[in-house]
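The sequence shown finishes on residue 92 if you use this note's numbering, and the numbering steps up by one all the way, no holes. For reference, the structure is listed below as structure tokens.
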Amino acid sequence: MKKLHSIFLLAGLFVVTACTFHGGYKSQPTSDLYMCDQARQMVLAMSHSMQNATVTYQGQNISLSRKEYSEIPALVFSDGVYTLHYNNGKAVLVEENTPVLTGCKVQS
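And the structure:
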């Protein structure tokens, strides 16, 4: 009985660990370095669900939530001040209707 209990305990631990590393309970978002116009850089991290994004630019972390716009052929994330437009590895960051980072492309 004790051996069976140990097997179930190890199996449960494996499931929790697997979920943690593969989009489960506490999975970390993936992040990529982007090179933008005027030799500027940003780091973009998106959650696996694609519902949240964090932009790191000039030492500032900007947390954004996804917004649904059927007329825009891109993923759009915003916090009311900053808006990120993302499409196929390209991104534009806008602050209060003024482009801040343009021509951003993911670096491989």
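Glycine residues also receive a C-beta, built at the ideal position from the N, C-alpha and C atoms.
Rounding to the nearest angstrom, what Cα-Cα distance links F5 and C20 in this structure?
Unreliable placement is indicated for F5, whose pLDDT of 37 sits below 50; no coordinate value is reported for it.
Helix, strand or coil for Q100 per DSSP?
The structure shown has nothing for residue 100, since the chain only spans -15 to 92.
If you draw a straight line from the C-alpha of H69 to the C-alpha of V78, how long is it?
8 Å
According to DSSP, is D21 helix, strand or coil?
helix
V60 by DSSP, collapsed to three states: which one?
strand
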